[in-house]
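Sequences listed follow chains A and B, in order.
If you count by the numbering used here, then the first sequence holds residues 248 to 689, one letter each, in order.
If you count by the numbering used here, then the second sequence holds residues 248 to 689, one letter each, in order.
The C-beta atom is built at its ideal place from N, Cα and C for all residues, glycine as well.
These numbers were taken from a predicted model, which means no experiment stands behind them.
A short write-up of the structure that comes next.
Protein chains: 2
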Amino acid sequence: MMLHDHLGLIQAAALRAVDPYPAVQRHLTRVENTLHVANADWSLDDATRIIVIAVGKAAVPMAQAAVDRIGDTPITGIVATKVGHAAHHTLPETLRVVEAGHPVPDAAGLTAAQAVASLLATTTARDRVLLLLSGGASALLPSPAEDIALTDLQAVTESLLRAGATIGELNAVRKHLSRLSGGQVARLAQPAPVIALILSDVVGDPLDVIASGPTAPDPTTYVTAQAILTRYNLVEEMLPTVFAHLAAGVAGHIAETPKPGDPAFANVNNVIVGSNRLAAQAAVAEARRLGYNALLLTTFMEGEAREVAKVTAALAKGARAHGDPVKPPACLVWGGETTVTVRGRGKGGRNQELALAAALALEGRPDVALLALATDGTDGPTDAAGAIVDGRTAELARAAGWDPTAALADNNAHPLLDAVGALLRTGPTGTNVNDIAVLLVG
Amino acid sequence: MMLHDHLGLIQAAALRAVDPYPAVQRHLTRVENTLHVANADWSLDDATRIIVIAVGKAAVPMAQAAVDRIGDTPITGIVATKVGHAAHHTLPETLRVVEAGHPVPDAAGLTAAQAVASLLATTTARDRVLLLLSGGASALLPSPAEDIALTDLQAVTESLLRAGATIGELNAVRKHLSRLSGGQVARLAQPAPVIALILSDVVGDPLDVIASGPTAPDPTTYVTAQAILTRYNLVEEMLPTVFAHLAAGVAGHIAETPKPGDPAFANVNNVIVGSNRLAAQAAVAEARRLGYNALLLTTFMEGEAREVAKVTAALAKGARAHGDPVKPPACLVWGGETTVTVRGRGKGGRNQELALAAALALEGRPDVALLALATDGTDGPTDAAGAIVDGRTAELARAAGWDPTAALADNNAHPLLDAVGALLRTGPTGTNVNDIAVLLVG
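Encoded structure:
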């Protein structure tokens, strides 16, 4: 079916736009002895070393792209990625490659974080620091303060999550228990100029949140962190080292994280090289090339997957009936990340659940199809990246012996979508910029 | 604040566009001896009578608009509206005005339905039938078949709803137990020409669903209706008259409802004179007049109110950060009707709950405001029509001693929004075209 073919092309274009290797290369070129990094020019005439710190699930291809561009200037540094993600790398021996634990940090990550801190402590004005960040960096490079054990950091994280703290509150506390996050890499790297090329896995690309913001000003303080523990009724007896550390910070015995305007950021450049919006924009561009009236709705989508599916279906109905917000052939693209409140016992992921709910809401409608995709290729605890559904999917499922409504109620989208051939299996894509959805109304 | 003022103007424009009196007058004009009704011309030279059947909550102003346009041609007919809605009418005595029960049908409605059937049975080719339909018509004009009691009709409705039947299934059954719905008014009105001017209170304006489709072809059959009762395990012992009636229909002893292509519709014209989309389009037009880049997203919105709020907030974030889908000053409008799954014990309505959830999702953002409005002026079991919230609403609520998150969890938006002056109290607007939401990003 044509719509399905088009969704395949649009999906490929979106993923291509956020592939880590070309994403880094687009922002890094060398002409003679000048390295053009994002909007800055680094003369290499007086450069002693280029220090490459690559952290995250895409650290290896990002580091490889940098190495391939930099050429003959001495490179040193550390590449920390998830276990299994550096199996076949061809990086030079001057880069120390570490495979560390994710999502649960481990000793390898601790050691790598220590090595990063030590290396950055040696920088001079003749060094250049190139930071390459991608999803998973916080867990892969855990850097608890000296008087805090990794287990303490994990314990306070879990306690806050259980108590209902927001991600912003969680980050404020963790930055004040860590040595690299909250702008502290920028401070450590001084006096060398720093450029961070960032593949964003956080909706909205907030620099102080991605990878815990190693090169971004931290507006929060030790006082903020203390207040958050109090707000959620965490008690000193359970987390004595944490409380002691924050108290020492409030008393001024430990340095604050660098704030906005801090001189540590004078020579720091943060550049988003890959993001959900870049993928979504590429999807829109490809859809236009295919003849669709394409519109990017938002890259901040959130909400319960099955309800977001209803909204997406409502957009399809309006496009078909009235040409709202664009006339058919219409393509509506959104990015972001939905959530699933698990109530059943089935198997699925947020994109698969969204696709199944949309299939029900769009049942019987001809010439409409929806792609729901986890850009990292892994949607929930399944081997699928998402799904493509249309107005016949629900009926096909019934013909295959499934009850789509019951499957949705049981959070069991995966086997149903598998039974009707609707699943997308991309394998790991090597990138991660959250999810995108592409709706076609032919 | 400017955004609030603008939302007030936009709200007024939207409601003005679907005010029943001018809506009917826009589609009905008399020039000399010709009545222009929608796209048809009715010569009154040979017209004996104009039969006006007005049913619904807006029946009185719609009938008044028709009377004021028609002039000296004899008018006869029936106006059936909700108890209290005809208190101060100035309609001519040749129109029989009935105040009937809603949402629970009563004897007055039964009598009115009988009178409508009797009157339509007298039509000749020299009569003209003008049907004026608005929200509530199904309940206000209950027309069970002769061998079906009103209580039977209510019992089968309740049983099907409890069993989880869809609104489409419910309608298929009810049309086959009734004398006026499912196109049967069109058949009764023959040989007179019929024009139905319709103020739609159903999302998407489906002619066969609004007011149970008195002048629209019914694609469903007695066989369909029987199958639905079987599907939901309803048994003959509980509803003997219903089962007997449907069996007689299947056996061909009672006429089917008229199907698509039936000659009964040859001289019938259905015209939507007021709808959610007209209100939404008026909102967009007024926003453009005020200088906003305005976009109508969809008029088919559905989903859980608090989740739709998150999507709406996501659109605000995208507009602010990137100009997706339109650049600020941006105005995004949607129409439809959300739902609330009641889990708490508080007081609210779907629009108030949406507004509160949006206030939380937009907290701290400057220059963004959202109007969520029930166009009939009654949002849930409250005296409010909806609310206007912005990035400061949540903080204001806390300052007033409220916990917005807890209030949302308790479905208790009404008193919180009241405490911060965010409620809209329009009183009954006299119209009903579901809900609209207007998002401004300044």
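From the options, residue whose alpha carbon lies closest to that of residue i
i                : options                                : result
Val331 (chain A) : A:Thr341, A:Phe490, A:Glu346, A:Arg612 : Correcting the residue identity first, residue 331 (chain A) is Gly in this sequence and not Val. Comparing Cα positions, the closest option is A:Glu346.
Leu671 (chain A) : A:Val344, A:Val636, A:Val497, A:Gln437 : A:Val636
Leu579 (chain A) : A:Thr545, A:Asp465, A:Asp448           : A:Thr545
Asn517 (chain B) : B:Ala287, B:Asp630, B:Tyr539           : B:Ala287
Leu697 (chain A) : A:Ala666, A:Ser522, A:Leu407           : What the structure shows of chain A is the stretch from 248 to 689, and residue 697 (chain A) is not part of that stretch, so it cannot be assessed.
Pro453 (chain A) : A:Val680, A:Leu609, A:Pro438           : A:Val680
Thr468 (chain B) : B:Ala458, B:Arg421, B:Ala646           : B:Arg421
Ala561 (chain A) : B:Ala561, B:Leu620, B:Thr585, B:Val573 : B:Thr585
Arg316 (chain B) : B:Asn280, B:Pro350, B:Arg590           : B:Asn280
Leu433 (chain B) : B:Gly460, B:Leu407, B:Leu408, B:Arg409 : It should be noted that the sequence gives Ala, not Leu, for residue 433 (chain B). Of the listed residues, the one whose Cα sits closest to Ala433 (chain B) is B:Gly460.
Pro455 (chain B) : B:Gln437, B:Val441, B:Gln431           : Residue identity check: residue 455 (chain B) is Asp in the sequence provided, not Pro. If we check each option's Cα against that of Asp455 (chain B), B:Gln431 comes out closest.
Arg592 (chain A) : A:Ala616, A:Pro628, A:Leu367, A:Trp581 : A:Pro628
Ser406 (chain A) : A:Ala463, A:Ala439, A:Leu282, A:Leu481 : A:Leu481
Gly582 (chain A) : A:Leu664, A:Asp252, A:Leu618, A:Ala364 : A:Leu618
Leu275 (chain B) : B:Leu254, B:Asn523, B:Ala310, B:Ala259 : B:Ala310
Asp682 (chain A) : A:Ala368, A:Ala334, A:Glu600           : A:Glu600
Asn523 (chain B) : B:Leu342, B:Ile442, B:Ala684           : B:Ala684
Ala498 (chain B) : B:Gly648, B:Gly689, B:Val470, B:Ala364 : B:Val470
Gly451 (chain B) : B:Gly648, B:Ala474, B:Leu400, B:Leu525 : B:Leu525
Leu408 (chain A) : A:Ala458, A:Arg478, A:Thr341           : A:Arg478
7 Å Cβ cut-off: residues of chain B touching residue i
i                : result
Ala568 (chain A) : Gly451
Phe547 (chain A) : Ala561, Lys564, Gly565
Lys304 (chain A) : Those do not exist, as Lys304 (chain A) stays about 25 Å from chain B at its closest Cβ, beyond 7 Å.
Arg524 (chain A) : His569
Lys557 (chain A) : Glu549, Gly550
Residues near residue i by beta carbon distance below 6 Å, same chain, minus five either side
i                : result
Gly303 (chain A) : Leu380, Ser381, Gly382, Gly383, Ala384
Ala312 (chain A) : Tyr268, Val271, Gln272
Pro651 (chain B) : Leu607, Ala641, Ala644
Ile501 (chain B) : Ala495
His283 (chain B) : Thr276
Contacts that residue i makes with chain A (C-beta to C-beta distance below 9 Å)
i                : result
Leu543 (chain B) : Gly565, His569, Asp571, Pro572
Glu416 (chain B) : Within 9 Å Cβ-Cβ: nothing; Glu416 (chain B) doesn't reach chain A, min ~13 Å.
7 Å CB neighbourhood of residue i in its chain, flanking five on each side removed
i                : result
Ala220 (chain B) : It is not possible to answer for residue 220 (chain B), since the shown part of chain B is limited to 248 through 689.
Val314 (chain A) : Ile322, Leu338, Pro339
Thr676 (chain A) : Leu262, Thr622, Asp623, Gly624
Asp571 (chain A) : Gly565
Gly674 (chain B) : Gly624
Pro613 (chain B) : Gly638
Leu387 (chain A) : Val302, Gly303, Ala327, Thr328, Lys329, Ala347, His349, Gly356
Under 8 Å from the C-beta of residue i: neighbouring residues of chain A
i                : result
Gly583 (chain B) : Ala561
Glu610 (chain B) : Within 8 Å Cβ-Cβ: nothing; Glu610 (chain B) doesn't reach chain A, min ~11 Å.
Glu642 (chain B) : Neighbours of Glu642 (chain B) on chain A: none; closest Cβ ~15 Å, over 8 Å.
Partner residues on chain B for residue i, Cβ-Cβ distance less than 9 Å
i                : result
Glu346 (chain A) : Simply none; closest approach about 35 Å.
Glu484 (chain A) : Ordered by position in chain B, no residue passes the 9 Å Cβ test against Glu484 (chain A), which lies about 27 Å from the chain.
Amino acids of chain B, ordered along the chain, whose beta-carbon sits closer than 8 Å to that of residue i
i                : result
Glu600 (chain A) : Here the premise fails: no neighbours, minimum Cβ distance about 13 Å.
Glu279 (chain A) : In chain order: nothing, as chain B lies at least about 36 Å away.
Same chain, Cβ closer than 8 Å to residue i, five either side skipped, listed in chain order
i                : result
Val589 (chain A) : Asn658
Thr371 (chain B) : Thr295, Pro438, Ala439
Leu505 (chain B) : Checking the displayed sequence, the identity of residue 505 (chain B) turns out to be Pro instead of Leu. Around Pro505 (chain B): Gly429, Gly430, Gln431, Ala433, Arg434, Pro464, Asp465, Ala511, Phe512.
Neighbouring residues, chain A, relative to residue i (Cβ below 7 Å)
i                : result
Glu533 (chain B) : In chain order: nothing, as chain A lies at least about 17 Å away.
### Query
How about the region 554-573 of chain A and the region 538-552 of chain B: do they share at least three Cβ pairs that are nearer than 8 Å?
yes
Report task. Ignoring anything shorter than 3 residues or poking outside the region 288-343 of chain A, list the beta strand (DSSP E) runs there in chain order. Result -> 296-302, 322-329
*Decide yes or no for the touch test of the region 276-296 of chain A against the region 308-325 of chain A: beta carbon pairs closer than 8 Å, at least 3 of them.*
yes
>> I want to know whether the region 524-540 of chain A touches the region 412-419 of chain B - three or more CB-CB distances under 8 Å.
In response: no
- Task: List in chain order: all unbroken beta strand (DSSP E) runs of 3+ residues lying wholly within the region 422-460 of chain B.
- Result: 441-446
Indicate whether the contact test is met: 3 or more Cβ pairs, each with one atom in the region 424-435 of chain B and one in the region 390-401 of chain B, closer than 8 Å. yes
Margin query: Between the region 485-498 of chain B and the region 434-447 of chain B, can you find at least three pairs of beta-carbon atoms closer than 8 Å?
Written below: As far as the Cβ criterion goes, the region 434-447 of chain B does not touch the region 485-498 of chain B, which means the pair count is below three.
- Jot down the residue ranges of each uninterrupted beta strand (DSSP E) in the region 473-533 of chain B, minimum 3 residues, whole runs only, in chain order. Listed in chain order, they are 515-521.
Does the region 506-515 of chain B come within contact of the region 565-575 of chain B, defined as at least 3 CB pairs closer than 8 Å?
no
Q) Curious, which full-length beta strand (DSSP E) runs of at least 3 residues does the region 568-617 of chain B contain? A) 577-583
Report task. Counting only runs of 3+ residues fully inside the region 533-569 of chain A, write out the beta strand (DSSP E) ranges in chain order. Result -> 540-548
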